[in-house]
Structures are given as structure tokens and as C-alpha cells.
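Participant: One structure follows; several queries about it will come next.
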Amino acid sequence: MGSKTKGCCGWLIVALVLALVATAAVVAIMKRKPGGGGGGRSRPPKPLPVPGPPGDVDSKYGDALGVALQFFQVQKAGKLVDNQIPWRGDSALTDGKEAKLDLSKGLYDAGDHMKFTFPMAFTATVLAWSVLEYGDQMTAAKQLDPALDALRWVTDFLIAAHPSDNVFYIQVGDPDLDHDCWQRPETMTEKRPLTQINPKNPGSDIAAEAAAALAAASMVFKSSDTTYSDSLLQHAQKLFTFADTYKGIASDTYPKLQKYYNSTGYVDELLWAASWLYHATGDQTYLSYVTVQNGKDYADWGRPTWFSWDDKLPGTQILLSRVNFFGSKEISNAENSGLKMYRDTAEAVICGLLPDSPSATGSRTSGGLVWISGWNSLQHGINAAFLAVVYSDYMLTSQTAAVECSGKYFSPTDIRNFAISQANYVLGDNTMKLSYLVGYGSNYPQQVHHRGASIPADAKTGCKGFEYLHSSSPNPNVAMGAVVGGPFQNDTFVDLRDNAVQTESSTYNSGTFVGLLAGLVTTSSVAKTFT
Numbered sequence: 001m002g003s004k005t006k007g008c009c010g011w012l013i014v015a016l017v018l019a020l021v022a023t024a025a026v027v028a029i030m031k032r033k034p035g036g037g038g039g040g041r042s043r044p045p046k047p048l049p050v051p052g053p054p055g056d057v058d059s060k061y062g063d064a065l066g067v068a069l070q071f072f073q074v075q076k077a078g079k080l081v082d083n084q085i086p087w088r089g090d091s092a093l094t095d096g097k098e099a100k101l102d103l104s105k106g107l108y109d110a111g112d113h114m115k116f117t118f119p120m121a122f123t124a125t126v127l128a129w130s131v132l133e134y135g136d137q138m139t140a141a142k143q144l145d146p147a148l149d150a151l152r153w154v155t156d157f158l159i160a161a162h163p164s165d166n167v168f169y170i171q172v173g174d175p176d177l178d179h180d181c182w183q184r185p186e187t188m189t190e191k192r193p194l195t196q197i198n199p200k201n202p203g204s205d206i207a208a209e210a211a212a213a214l215a216a217a218s219m220v221f222k223s224s225d226t227t228y229s230d231s232l233l234q235h236a237q238k239l240f241t242f243a244d245t246y247k248g249i250a251s252d253t254y255p256k257l258q259k260y261y262n263s264t265g266y267v268d269e270l271l272w273a274a275s276w277l278y279h280a281t282g283d284q285t286y287l288s289y290v291t292v293q294n295g296k297d298y299a300d301w302g303r304p305t306w307f308s309w310d311d312k313l314p315g316t317q318i319l320l321s322r323v324n325f326f327g328s329k330e331i332s333n334a335e336n337s338g339l340k341m342y343r344d345t346a347e348a349v350i351c352g353l354l355p356d357s358p359s360a361t362g363s364r365t366s367g368g369l370v371w372i373s374g375w376n377s378l379q380h381g382i383n384a385a386f387l388a389v390v391y392s393d394y395m396l397t398s399q400t401a402a403v404e405c406s407g408k409y410f411s412p413t414d415i416r417n418f419a420i421s422q423a424n425y426v427l428g429d430n431t432m433k434l435s436y437l438v439g440y441g442s443n444y445p446q447q448v449h450h451r452g453a454s455i456p457a458d459a460k461t462g463c464k465g466f467e468y469l470h471s472s473s474p475n476p477n478v479a480m481g482a483v484v485g486g487p488f489q490n491d492t493f494v495d496l497r498d499n500a501v502q503t504e505s506s507t508y509n510s511g512t513f514v515g516l517l518a519g520l521v522t523t524s525s526v527a528k529t530f531t
């Protein structure tokens, strides 16, 4: 499950996987690899013209976007509405009952039936961000409605999980019980206990991520459903205050979480949430929070890192660069100074991604994929590419000619080309000639590590349907839109259901991949303000 510890996978195949990963790491170390980008001029180029409204849709990315969005339908819990996945049905209808709450909605995390609020909220944040930046492109590709539907399914859950100001439910289900079963979600029988954070049991990281998601979503729904938008924003503000007042890491409060989503801190989520709240409200208090009050202590300026469900700093840096690009008369000199530090760090992130940059990361496959971790290896390349395409569009819209990377200059086109290279790799432009987006193209993984996809819809398995986990046959049901874990560092992939390291999919991969594809569907300028 992403970067989580592999607590649920005790199968012998993991030993083989880890051995192959070690071999791959030796084989694929390099200084310079393919992977898009180009450029590297010794002088800054002239600014490019600002694109107009969305033009013709690139059918490759438009088709892929339509496939990718279907995974949210595959992962839905609760009573399904207009269900388009023939092998899925209602499930988890009594989730939350022990607390007299309706927590039936939300998304299952990956190939299991857990509802982990932390990565689910992150999925909602990046999905909302994608709509805010690229809603017009989604509309041009006729994919906006599925994106809004998926987003609201999660935000409905997040609101329901926040029954009072300082109480928030961060998990539905017991991962040990859940992973001890291999069954369809529609026939689950094991207990699904609830886990909450509160003043005595804090979890600032998860509460702040939820605040970010709800703040971003409030802007998405502002024009179509004002009442719902207002409710989202109110919950976002209360969750942020809760996270900032009662500080702590949820996986410290509940050590069992460390086996699955072990957060490395909460200050990045506090900055991330405050940044989204500033965009949603225009309240300078939030801008001051991320710049003057806490920038030096929390932001780790000047040190680029990798955007993920755990580390929100790169996303925050890109998002606050938007403010620096497009400006506001109400911003003080001190706040502008902080914003410049965020933008400088964002450019360090971008410089690290471009293959021809002097500061380019050497952690890539020979096929050009940014490769940081063997578990869910696609996530970092996808996430980095999403940030890159967003930043390149900020540059285009503001007519910023180039970023400077240690004396070399790279245009928005160079940055976009890097993003294209990562998207194309996922869609089949790789050594295996394999689409890692399930359902896209003619050659994609057949044994996705996914309970519902692996079991025939009419099978009566009870809890112990492990014969379907270990079966050598293709999945009887296609997990449309799943982005699987991905290749080893030597660009190889073992399509075995037991090989969860490579074949398990996750909703948070899909969130950023949808944003990346939406950004590539067609070229256009971005709005200078979200509201």
C-alpha cells in the first residue's frame, strides 16, 4: 500500500521481490537518463505567449483520463448511486454505526477494504486541486462530472467523520482483521471498529490534511452548491484549529498505524492546510501563518523533497508559488519575502526533476522514470510530474520565460516535456511496453492485487477466499483505472497478484495521475485566482 510497511503480505513472493529490487538498484544507478525535459540553455529564452482557452483534446490523454477516473468508482464504499462497475455493489453500509454516525461513504484504500482517512483526504486534496487548475480541460474531455462525483464521495465522508469540533475519525476497520481476509467488500463480515483523534489523542497530520481537502473542495463546489461549499469550509477551518491547537502525530498516538501509514511529521500538513485556507478565504491570517509566523520553523526552505501522502512540503511550495506569480496588493513585504522562499524552493524541486539540469536527481530508471522507492514505485514520478505541469502552466500564464538551474535555463515547455515523459512511461512508453494504468491500451497488468477484482462476483468465499489471491489466472474483474505499484528500478515488472509490491494499486496514486492527465489533455492558461 504505497510507502506503507508491508504488514499484510507474508507471502514468499516478497522475498523474491526484495531480492530483485536490490539487484535492480545496482543495475540502474546512473547520472543522466532519458525522461523528458531538454533545454538547458546558457541564456534565458524569450517568454512564450499566454495560451488561450482549451484547444483540441489530445485523445491519448483524454482517453487515459476517462479510464483513470473509473478507479474511484471501483473503490467506492457505501450505497452506490448510478453504479457503472458491474461487479461492484453496496458495501460497508453499517460503517460508523457504533458511534451513531454514517461513515458508509469514502473510498477503500487500495487492494483491501480499509478506510484510512489520511491518504483518502490527500486523494481528495489533489483531486480538488486538479479540478481547480484544470476543470476547463476536464470539461473539454467530458470528464469533469466523474471527477466531481469522486471528490464529493470523499468529502461527504470527511464531513461525517467530523461530528464535533475536536473529534475526527481517522480509520474505519481493523487492518489486521481486514488483511486476514480475502473477500469481496459486498460480503464483508468482520468487525470494523472506529479510530478517532481528539484533544487527548491528537493527530495533527490527519486533521490538517482533511482541512486542506475540505478547503480546496469548498472552492470546487462554490459556484454549483453554495450551501455545501460553506459547510466544507466551516469544517476545514475547525479541523485546522483542532490540528494546530492539539499537536501530535496520529501514528505516535496509535502506534499500530506505523505499519501502514507512518507519518513523519505534521508541520507540513499544517502549512499545506493553511495555504489552502488562504486560497479559500483570502484571510491574511493564514498567509501570515505560512510565511511570517512559521515559515522558518516549518517550511524547510531551500531543501527540495518528494511530494507524497506523507510529505506535503513540495505541494505547498508549488501552491504558494501561485500567490507569488500572480500577486496581491494586500500582501506585506514580510509575507512576500516568505512567498519568495517558497517559490525558490519550488524551483529547486523543478530543477531536480529535469534530466538536463545540473542538479537533476540520479534516481531514475534507464527508461526515464523518476524512481525513489521500490514499494509503489510509480507514485513519486507521477506526483513530481503533476507538480511540474502545474508549475509550467503558472509560468506560461504569467509569461515567466524560464527557471534557472545552476546557470542553465529551462522553459515551461522543457518542464512540461518532463511531465509528459512520466505520463507516457505509465501509459506504456517503457521497456516492458506495458500500460501501468489498468484498462488503458491492449497490454496492462492482469493480476492486480485487489480483493474485489480477483474474486468472481458470484463466488461464496466467506473470509478465507485466499485461493483467489494465489490463483495463476487473470483477475475475473478488471479494476478499471487502477495505477499499479510499478516497475523495479531496472524497468521490469512481475505481474503476480501475490506481488503486492508491484501490483497493488492505491487511490492516492490515482488522485495525482488524474491531475497530471488533465494538465496534458490540452494546453491552456490557468486562472490567476481560484475564487
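Numbering (UniProt numbering), first residue to last: 1 to 531. In this text, a Cβ means the ideal position worked out from N, Cα and C, and glycines have one as well. Nothing here was measured: the structure is a model prediction, and the numbers come from that model.
Which runs of the beta strand (DSSP E) fall wholly inside the stretch 471-513 and span at least 3 residues, in chain order?
Facilitator: none
Participant: Within this structure, are the beta carbons of Asn430 and Gly367 separated by less than 8 Å?
Facilitator: yes
Participant: Tell me, please, whether the stretch 289-303 touches the stretch 367-377 by the rule of three or more beta-carbon pairs shorter than 8 Å.
Facilitator: Using a C-beta cut-off of 8 Å, the stretch 289-303 makes no contact with the stretch 367-377, since fewer than three inter-stretch Cβ pairs fall below that distance.
Participant: By alpha-carbon positions, which one of Gly282, Asn499 and Gly381 ends up nearest to Ser510?
Facilitator: Gly381
Participant: Can you check which of these residues, Ser164, Thr125, Gln171 and Val172, is closest to Ala150 by C-alpha distance?
Facilitator: Thr125
Participant: Between the alpha carbons of Leu65 and Lys200, how many angstroms are there, rounded?
Facilitator: 43 Å
Participant: Could you tell me the boundaries of the alpha helix (DSSP H) in which Thr117 lies?
Facilitator: Thr117 to Ala140
Participant: With Tyr228 as the anchor, note down where its alpha helix (DSSP H) starts and where it stops.
Facilitator: Thr226 to Thr245
Participant: Reducing DSSP to helix, strand and coil, say where Gly78 ends up.
Facilitator: strand
Participant: Starting from Ser164, follow its DSSP beta bridges and name the residues at the other end.
Facilitator: Here Ser164 is bridged, per DSSP, to Val167.
Participant: Does the structure place the stretch 42-49 close enough to the stretch 391-407 that three or more beta carbon pairs sit under 8 Å?
Facilitator: yes
Participant: State the DSSP-derived secondary structure class of Ala518, mapped to helix, strand or coil.
Facilitator: helix
Participant: Between which two residues does the alpha helix (DSSP H) containing Glu335 stretch?
Facilitator: Asn333 to Leu353
Participant: Classify Lys528 as helix, strand or coil using the three-state DSSP reduction.
Facilitator: Coil, per DSSP.
Participant: Of all the beta strand (DSSP E) runs that stay within the bounds of the stretch 387-421, which reach a length of 3 or more residues?
Facilitator: 403-405 and 408-410
Participant: Closest to Ser411 by C-alpha separation, out of Asn424, Thr397 and Ala423, would be which residue?
Facilitator: Thr397
Participant: Quick one: measure Cβ to Cβ for Leu132 and Met138, integer angstroms, because I've assumed they're closer than 8 Å.
Facilitator: At roughly 11 Å, the Cβ-Cβ gap does not stay under 8 Å, so Leu132 and Met138 are not in contact.
Participant: Can you tell me where the beta strand (DSSP E) holding Leu194 begins and where it ends?
Facilitator: Boundaries of the beta strand (DSSP E) harbouring Leu194: Leu194 to Ile197, taken from the DSSP string.
Participant: Under the DSSP definition of a beta bridge, which residues are partnered with Arg322?
Facilitator: DSSP output for Arg322 lists no bridge partner at all.
Participant: Assign His162 to one of two classes, buried (16 or more other C-beta atoms within 10 Å of its C-beta) or exposed (fewer than that).
Facilitator: Result: buried.
Participant: Looking only at its own chain, which residues have a Cβ that is under 6 Å from the Cβ of Thr218, when we skip the five neighbours before and after it?
Facilitator: The residue you asked about is not Thr; residue 218 is Ser in the sequence shown. Same-chain partners within the cutoff: Ser229, Leu232, Leu233 and Ala280.
Participant: Determine the DSSP secondary structure at Asn424, reduced to helix, strand or coil.
Facilitator: helix
Participant: Going by CA-CA distance only, name the one from Lys256, Phe221, Tyr298 and Ser442 that's closest to Asp244.
Facilitator: The option with the nearest alpha carbon to Asp244 is Tyr298.
Participant: What is the rounded straight-line gap between the Cα of Phe116 and the Cα of Asp109?
Facilitator: 6 Å
Participant: Can you find the residues in the same chain that come closer than 7 Å, C-beta to C-beta, to Pro202, ignoring five residues on each side of it along the sequence?
Facilitator: Tyr246, Lys247, Gly248 and Thr253
Participant: How is Lys312 classed by DSSP in three states: helix, strand or coil?
Facilitator: In this structure, Lys312 counts as coil in the three-state DSSP scheme.
Participant: Once the 5 residues before and after Leu69 are set aside, which same chain residues still bring their CB inside 7 Å of it?
Facilitator: Gln143, Pro146, Ala147, Ala150, Gly481 and Val514
Participant: When the Cα atoms are used, what is the spatial distance from residue 541 to Leu48?
Facilitator: No answer is possible for residue 541: the residues shown for the chain start at 1 and end at 531.
Participant: Are the CB atoms of Ala236 and Leu214 nearer to each other than 8 Å?
Facilitator: yes
Participant: Taking Tyr436 and Leu353 to be in contact with their CB atoms under 8 Å, please state how far apart those CB atoms are, rounded to whole angstroms.
Facilitator: That belief does not hold up - the Cβ atoms of Tyr436 and Leu353 are roughly 19 Å apart, past 8 Å.
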